[in-house]
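Under this note's numbering, residues 906 to 1272 are what the sequence shown spells out, in order.
The block underneath contains the structure these notes are about, expressed in structure tokens.
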Amino acid sequence: MKSEEKGGNDKKPILKGYTLKELKDYFSSIDEKRFRGEQIFNWLYSHLIDSYEEMQNVPKTLRERLSELTGPLNTLKLVTTKSSPQTGTKKYLFETLDGHKIESVIIPEIKRTTLCISTQVGCPLDCKFCATGLMGYKKNLSAGEIFDQYKFTVKDLEENSIKNIVYMGMGEPLLNYDETLKSLEIFANDLTKGAKLKRITVSTAGIAPKIVELADSGMRVKLALSLHSCFEDIRSKLMPINEKYSLKENLHAIRHYTKQTRTRITFEYIMISGINDREEDFIELVKLCKSMPCKINVIPFNSLAHIKPSGFSAELRPSPFERVEAFVQALRDQNIIVTVRYTQGEDIAAACGQLAIVENEDEKINS
Ligand code: SF4
């Protein structure tokens, strides 16, 4: 008997999150045929099954053996959902097997529905405009936990309705690089249902060495940088990680990324009154945008009132609507591609920068 067969429940491997190669290796390690890895991959990531009994082309004896040897097939439990009556935005609260809470958001738009997924429980980066940062960091999510956010939401919605996935929920994906990459590898596999790599965007606060690593990984995914200011000192004030990896270093990494992947970078730009919506901000932003293939995603600043911020965070105010409109128009007049992400889900604290677990906010629907 193999050691894992003797082990307790907590030692059992959880297959959700294994890449195709890892599944094949796993079946070799338990003296089963490697092609079983491909079958299980298909059941996990295409058929999105919940139990081994559903794996019809897997012999009953092997299904029973797998139920004995491995941990649960689902890495998350859906706790509750909340929908915005104004925009249709839907927020999902999940619980991990070790009892942490995370959130994902579905953003419906006319021609496409976007899923915003989390990669960490909380976030260590403490960006001053972000509720997740203010709640602190608990742990990295596994590739299985990242994938299961897709699984649960896609099953909840109409077939094939999720067109885009953005790694822009709770956490900094590039600080959870290995599991983020594994989840991308799963999405990239043709056997995986629905999701297509070219429709996935990884959003980072700017972890320059990991941007280079991702560029060289062969994973041709879209990349977004949370820019928010072209001035190092202001950016450091808004995003303390800028002290460690400066904007200059990140832009160097991003130039490498756009060359390697031949993709256009997206600069996320949350507009904050008096901080980054001034004439000098506009001039620097235009200079930057003319220097590389890019587009700008302008996001009106969303309130943090639901988490009662203090210090600099409490001072931040949204740029007035007219200022945002004028700023966007002036960028467009410079032939810069600009999208504006007007607030989606602010009424349910699901808008950009608002995700944070407020204990006892929601009642469980699945207990
Ligand atoms: S904006 Fe992103 S990187 Fe910054 S604190 Fe929030 S979740 Fe973390």
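Note that CB positions come from ideal geometry on N, CA and C, so glycine has one too.
Keep in mind that this is a model prediction, so the values were computed, not measured.
Tell me the DSSP secondary structure of residue i in three-state form.
i: Ser1108; result: strand
i: Lys916; result: helix
i: Asp1267; result: Annotation note: pLDDT 41 at Asp1267 (below 50); position unreliable, coordinate value reported separately. If DSSP states are grouped into helix, strand and coil, Asp1267 belongs with coil.
i: Gly1027; result: strand
i: Pro1078; result: helix
i: Tyr957; result: helix
i: Lys1016; result: coil
i: Tyr1150; result: coil
i: Cys1199; result: strand
Among the options, which one has its Cα closest to the Cα of residue i?
i: Lys1103; options: Glu969, Thr1085, Thr1168; result: Thr1168
i: Asp1061; options: Ser988, Ala1235, Arg1183; result: Ser988
i: Ala1219; options: Arg1017, Leu1209, Lys1153; result: Leu1209
i: Gly1179; options: Arg1237, Phe1232, Val1059, Ile1116; result: Phe1232
i: Asn1155; options: Phe946, Leu1119, Thr1085; result: Leu1119
i: Gly1123; options: Glu1230, Lys1087, Glu1014, Leu983; result: Lys1087
Sorted by chain position, which residues of the same chain lie with C-beta nearer than 8 Å to residue i's C-beta, five sequence neighbours on each side aside?
i: Trp948; result: Ile954, Glu959, Met960, Val963
i: Leu1239; result: The amino acid at residue 1239 is misidentified as Leu; the sequence shows Gln. So the list reads Val1191, Cys1194, Lys1195, once near-sequence residues are dropped.
Kindly list the residues whose CB is nearer than 6 Å to the CB of residue i, restricted to its own chain and excluding five residues on each side of it in sequence; keep chain order.
i: Ile1242; result: Lys1200
i: Gly942; result: Leu928, Lys929, Phe932
i: Gly913; result: Its pLDDT being 43, under 50, Gly913 is placed unreliably by the model, and the measurement read from it follows with that caveat. Answer for Gly913: no residue qualifies.
i: Gly976; result: Lys917, Ile919
i: Asn1147; result: Arg1140, Ser1141
Quick check: is any heavy atom of the ligand SF4 less than 7 Å from the C-beta of residue i?
i: Glu1077; result: yes
i: Ser1178; result: no
i: Ser1009; result: no
i: Ser1131; result: yes
i: Leu1030; result: yes
i: Ala1110; result: yes
i: Cys1035; result: yes
i: Gly1123; result: no
i: Gly1216; result: no
i: Gly1038; result: yes
Taking the straight line between their C-alpha atoms, what separation do you get for residue i and residue j?
i: Leu1221; j: Tyr1055; result: 33 Å
i: Thr924; j: Ala1048; result: 9 Å
i: Thr1001; j: Arg1183; result: 43 Å
i: Gly993; j: Ile1012; result: 7 Å
i: Pro1078; j: Leu1030; result: 11 Å
i: Ile1139; j: Val1191; result: 17 Å
i: Lys938; j: Gln944; result: 11 Å
i: Glu1090; j: His952; result: 17 Å
i: Arg1246; j: Ala1129; result: 14 Å
Could you pull out every residue in the same chain whose Cβ sits closer than 7 Å to the Cβ of residue i, ignoring the five residues on either side in sequence?
i: Glu1185; result: none
i: Asp879; result: The structure shown does not extend to residue 879, since the chain spans only 906 to 1272, so no value can be given for it.
Step through the CB atoms of chain C and report whether any lies within less than 8 Å of the CB of residue i.
i: Leu1030; result: In summary, chain C is missing from the structure at hand, where a single protein chain is found.
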